[in-house]
Amino acid sequence: MKLIHSSFAGLLIGLPYALSLPLDTLSCPLTFDGRIPQNFTRDTFETVQSPFNPKHVLGQNQTWREVISFPDVEPSIFDQVAGTKPIEVEITDRSVFASSSEGRETALRRAELLVNGKNQTVSGKVTWLFSMRTSPYALNLSHEYLLAFHEAQDFQADFWSLKVGLPMQETLRGPNGTGGGDDLAAYGENIGFIHPDVTESMLKTGSVIYLQGWKWAKKVQTYFMAPFTPDIWHNFGLYLDFDDNQMQIAYSTGEDGLKIVTPLLANNISGKAPTTLGETHWGLQKRPVGANINNFLFEGLQLHGIRERLTIGGILQVRGSLEDCS
């Protein structure tokens, strides 16, 4: 199986060189392997055998046994080569996290697999490989969801975040969630790559998957956007150069190999002390409607009676760039 190619027919950005990487013979060393063995049960996620934090990030008094399930879907391209299996993460009304610094985050719903205490995953030059797909327990895309993000060590910033759904901030969305008449403007500025199949209707309904940069940038930077097509895998390679504050994105769907769709992009991913290093989250963080970046932990609207899931495949990281590992 070829993992990476640089050209992507029909996309807005193409690079002038060709790469291919057999996934089963990676030339770069693993820095983290979060793929789930076939013999894992829901209870395993509450033990030291789990590659993720066995206690966080969950609703108060919840356990992973209540949150994790194993969907009956074909494995992602990253699980196929390892013989591992995908998982689903679920949020409900009980998914209210109580942090040590902020208390109960009453306006959020969260269930996130946490990679923390592993500085090798948030330093140097590394590449995340992972897949996401919809579940029959659908998300409400009138909300903004974080599916994966790198949180700073002091918990006050996200260096990058993969999202679906309508952007939370009303100041960006404008009247009736239209972005002030420009649907694309609601998602930020200087979008590095937009898949040609993205439509105005998708922008209006939040039916896109998009990757944004540093949380506190004066202008929101969106580096990638594609349709969040249901019932297929969305595969990503995310290269992070913490030394030079750059990143690069590769993408594919289904069983297709990854294709590089952006050049190297400038983004603040190293921060300044004490915000360096930090941790990476995978799962669901559902933000409220009617809030903003400063008050969304406690303000805004969340509907009751929810049961929503995200299907996740793969999750591994290698040392080196998309090109280094070819």
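Taking mature numbering (1 follows the signal peptide of the UniProt record, and there is no 0), I'd label the letters of the sequence shown as residues -20 to -1, 1 to 306.
Beta carbons: idealized from backbone N, C-alpha and C, even for Gly.
Keep in mind it's a predicted model, so treat the numbers as computed, not measured.
Taking just the CA atoms, how far does residue j sit from residue i?
i, j, result
"leucine 121", "histidine 284", "15 Å"
"lysine 266", "arginine 89", "5 Å"
"phenylalanine 173", "valine 144", "16 Å"
"glutamine 297", "aspartate 13", "6 Å"
"threonine 11", "glycine 293", "17 Å"
"phenylalanine 32", "phenylalanine 222", "22 Å"
"phenylalanine 25", "leucine 218", "25 Å"
"alanine 165", "proline 147", "10 Å"
"isoleucine 189", "serine 232", "12 Å"
"glutamine 282", "glutamate 85", "12 Å"
"leucine 152", "leucine 142", "Low confidence applies to leucine 152: its pLDDT is 47, below 50, so where it sits in the model is not reliable enough to give any reading."
"serine 7", "threonine 107", "13 Å"
"glutamine 133", "histidine 261", "13 Å"
"asparagine 19", "glycine 168", "42 Å"
"glycine 280", "histidine 123", "11 Å"
Per DSSP, what are the beta-bridge partners of residue i in this structure?
i, result
"serine 141", "Phe129 and Gln192"
"arginine 113", "Thr291"
"threonine 260", "Val95 and His130"
"leucine 218", "Trp108 and Ile229"
"lysine 199", "Answer is none; lysine 199 lacks a bridge partner."
"isoleucine 67", "Ile292"
"arginine 90", "Gln265"
"isoleucine 240", "Ala230"
"methionine 205", "Ile174 and Tyr190"
"arginine 299", "Val106"
"alanine 118", "BP columns for alanine 118 are empty, so no partner."
"serine 49", "Glu68"
Buried or exposed, going by whether 16 or more other CB atoms sit within 10 Å of the CB of residue i?
i, result
"serine 181", "exposed"
"proline 17", "exposed"
"proline 243", "exposed"
"serine 111", "buried"
"arginine 287", "exposed"
"glycine 97", "exposed"
"alanine 87", "buried"
"aspartate 177", "exposed"
"residue 307", "The chain is shown from -20 up to 306; residue 307 falls before or after that span and cannot be answered."
"leucine 290", "buried"
"residue 307", "With the chain running from -20 to 306 in the structure shown, residue 307 is simply not present."
"proline 116", "exposed"
Can you tell me whether DSSP reads residue i as helix, strand or coil?
i, result
"aspartate 134", "coil"
"asparagine 248", "coil"
"aspartate 13", "strand"
"serine 181", "helix"
"residue 308", "This structure does not reach residue 308, given that the chain is present from -20 up to 306, and the question cannot be answered."
"valine 269", "strand"
"alanine 60", "According to the sequence provided, residue 60 is glutamine. The question's alanine does not apply to it. The answer is helix: DSSP assigns glutamine 60 an H, G or I state."
"glutamate 169", "strand"
"residue 314", "Outside the displayed span of the chain (-20 to 306) sits residue 314, for which this structure offers no information."
"glutamine 29", "coil"
"leucine 281", "strand"
Can we count residue i as close to the ligand SAH, meaning its CB is less than 6 Å from some heavy atom?
i, result
"glycine 280", "No copy of the ligand SAH appears in this structure; indeed no ligand is present at all."
Chain B beta carbons: is any one of them nearer than 7 Å to that of residue i?
i, result
"valine 298", "Protein chains in the displayed structure number just one, and chain B is not present."
**OP:** Kindly confirm or deny that the region 130 to 140 and the region 191 to 204 touch, where touching means at least three C-beta pairs closer than 8 Å.
**Re:** At 8 Å Cβ cutoff, the stretches touch.
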